[in-house]
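Below is one structure; the comments refer to it alone.
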Amino acid sequence: MSDQSKVLMSYVGSTRNTVELKIYNETHTLGSMLSERLLEDKRCLFSAYKIDHPTDSHLLLRITAEREYPVKNLLLDTLRKIEEDTASLIYQLKEL
Numbered sequence: 017m018s019d020q021s022k023v024l025m026s027y028v029g030s031t032r033n034t035v036e037l038k039i040y041n042e043t044h045t046l047g048s049m050l051s052e053r054l055l056e057d058k059r060c061l062f063s064a065y066k067i068d069h070p071t072d073s074h075l076l077l078r079i080t081a082e083r084e085y086p087v088k089n090l091l092l093d094t095l096r097k098i099e100e101d102t103a104s105l106i107y108q109l110k111e112l
């Protein structure tokens, strides 16, 4: 995958508030975490992931945001929150 992007994003349908991401070399762990954290945001109307076949090396994540809010920004906000939570956990563990 060194020559290829780890993630591909495509808009679904004619609206710009639903995207499907194809994320390579990831498993249910990332798919579940992203989908659940996205759904915690009130601007997220739908979020789900799937892995079509156990031997697939990618997951598909579909996200729908409110029309007024860009779905890409919703995903970036969610990733920042996960990053902040992870940094906080690392800090707390170092203090033990």
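First residue of the sequence shown? That's 17 in our numbering, and the numbers climb one at a time after it.
Note that beta-carbon positions come from the ideal geometry of N, C-alpha and C, so glycine has one too.
In this structure, the straight-line span from the alpha carbon of L109 to that of R53 is close to 22 Å.
By the neighbour-count definition (other C-beta atoms within 10 Å, threshold 16), A81 is a buried residue. Annotation: the region 56–84 contains the following complete segments of the beta strand (DSSP E) (minimum length 3 residues), in chain order: 60–66 and 74–81. For the pair K66 and L76, the CB atoms are nearer than the 8 Å cut-off. Using a Cβ distance threshold of 8 Å, N41 and V87 do not count as a contacting pair.
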